[in-house]
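By my numbering, the letter at position 188 of the sequence shown is numbered 179, and the numbering carries on one by one without gaps.
Using N, Cα and C, we set each Cβ at its ideal position, and we do this for glycine too.
Every value quoted in this text rests on a predicted model; they were computed, and no experiment measured them.
Since the structure comes first, as structure tokens, the remarks are kept for the end.
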Amino acid sequence: MSPTELDHLVPMDFKNVVQVPDSHTWLDSPCINNSCSIDESVPLIDLEDPQAVEKIKMACENWGVFQVTNHGIPMELLAQIEHQARRFFDLTREEKLLTLRSPDSPNGYGIIPISRTFNTLMWMEGFTLSGSPLELARRVWPNDYSPFCTVIEDYQEQMMGLAVKITSLIFKSLGLSGEDVEWFDLKSTEAFFHLNSYPRCPDPTRALGMVPHTDSSLITLLYQSSTNRGLQVYGPNLKWVDVEPISNAIVVNVSDLLQIYSNDQFKSVVHRAIVSEAQHRISVVYFFGPKIDVNISSSPKLIKDGDFPIYRPVSWKEYREIKGVHFDKALEVVRFNSVVVENANVLTSGNEAPLDGGKVEALEA
Ligand code: OGA
Ligand code: NI
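Printed below as a string of structure tokens:
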């Protein structure tokens, strides 16, 4: 049975589910069946290390992802954001639905929009914000919205500072100065903020928390609860690798806009989330980039003699729309002289819903 339109907006009530329903069963999909590598791990970089810039360059070239420590975000704030996220997702279904995302707003509770690309549903529920949480928080906690709002606003502010810092280090690692990146005004940036909840799952071998994908942003900063694993990246050896939860570390993804800007020197990382029988996992995701209508194109400084830019100029806004329609083929679509090849890689095949070219919907980032 194919899920209805409503199933793609309103998450299932995961409390008290005793078995994975057909609507959420990914059993034979390549999204779930790939073998994992246990001998490799995602690079871990101390931001205070004098060699941090070189290490970031290596990590972005080889992995498209790294974890950072000594990033300056107070541990207490990480614990608080996780606590507030759990507090929200532990509300009753009726309470959470008071903040249900409406078709004309990206903000609120629901299933991430990419799930519309698939016939099978994911074992997750999310809460999205671009801006202030106040209006939504008031609906569920009319008299007690302020702890949630204060923590989220503090977190958003701190993440913006960290994202600017890491982006500057990344530009430095590419050998670019501030003048070279005049399109990217570090004082005027954009971000989308997500809380993700992966409830306990009676049979994690059949379900998937989040399908393999790359993010549309420039970079993504992700904090995951340190209690259990869930995030996996497709590593340089073409196997899934667990991103080990390290308390106090933040995961940094190279995302599609950085791949475009670096003319493929840095590759956006394919990643997914798996689920657990024992633990309810939380992640807090900060998608970061330039103002959404600024055009990005491959940096002339990064195009070697005799080479050409690989991608045409595109803004984050337009790219999000392309991603909403073409999902894992989106980079192909903005490639000069490209023909989109169906089912060309590991990301999908099997569970996709037929693409609805008429519906242009923004992906999460
Ligand atoms: C995302 C994402 C992974 C996670 O939200 O884009 O990749 O662990 N999340 O929540
Ligand atoms: Ni992602």
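Query	Result
Thinking residue 187 and residue 56 are a contact (beta carbons under 8 Å), I'd like their distance in whole angstroms, please.	Their Cβ separation, rounded to whole angstroms, is 17 Å, which puts residue 187 and residue 56 out of contact at 8 Å.
By Cβ distance below 6 Å, which residues in the same chain neighbour residue 5 in space, the five residues on each side in sequence not counted?	190
Enumerate, from N- to C-terminal direction, the unbroken alpha helix (DSSP H) stretches of 4 or more residues contained entirely within the region 81 to 109.	84 to 88
From what residue to what residue does the alpha helix (DSSP H) around residue 114 run?	Note, residue 114: premise wrong, no alpha helix (DSSP H); not H, not E.
Quick one: which unbroken beta strand (DSSP E) runs of 3-plus residues sit fully inside the region 123 to 191? Chain order, please.	180 to 189
Hey, which unbroken runs of the alpha helix (DSSP H) at 4 residues or more fall wholly within the region 47 to 83?	66 to 80
Going by alpha carbons, who is nearest to residue 243 out of 34, 175, 173?	34
I'd like to know if the region 81 to 100 and the region 166 to 174 are in contact, where contact means that at least 3 CB-CB pairs between them fall below 8 Å.	no
Along the chain, where does the alpha helix (DSSP H) that runs through residue 321 open and close?	321 to 325
Which one or two residues does DSSP pair with residue 27 in a beta bridge?	231
Cβ atoms of residue 211 and residue 278: under 7 Å apart, would you say?	yes
Leaving out five residues on either side along the sequence, give the residues of the same chain with a beta carbon under 8 Å from the beta carbon of residue 10.	193, 194
Quick one: which unbroken alpha helix (DSSP H) runs of 4-plus residues sit fully inside the region 254 to 325? Chain order, please.	307 to 317, 321 to 325
Between which two residues does the alpha helix (DSSP H) carrying residue 35 extend?	First-last for residue 35: 35 to 37, but that is the beta strand (DSSP E), not the alpha helix (DSSP H).
Measure the C-alpha to C-alpha separation of residue 301 and residue 246 and round it to an integer number of angstroms.	16 Å
For residue 223, which residues from the same chain have a beta carbon less than 8 Å from its beta carbon, with the 5 sequence-adjacent residues on both sides left out?	27, 231, 232, 233, 234, 262, 263, 264, 265
Given a threshold of 16 other Cβ atoms within 10 Å of its Cβ, counted over all protein chains shown, does residue 258 qualify as buried or as exposed?	buried
Cβ of residue 200 within 7 Å of Cβ of residue 132?	no
Is it the case that the Cβ atoms of residue 174 and residue 325 are separated by a distance below 7 Å?	no
What separation, rounded to the nearest whole angstrom, lies between the Cα atoms of residue 19 and residue 107?	19 Å
I'd like the list of long-range same chain contacts for residue 61, defined as Cβ closer than 6 Å, with 5 residues on each side in sequence excluded.	37, 38, 39
Give me the Cα-Cα distance between residue 48 and residue 165, rounded to the nearest whole angstrom.	7 Å
Just checking residue 206 against the ligand NI - is the residue's beta carbon closer than 6 Å to any of the ligand's heavy atoms?	yes
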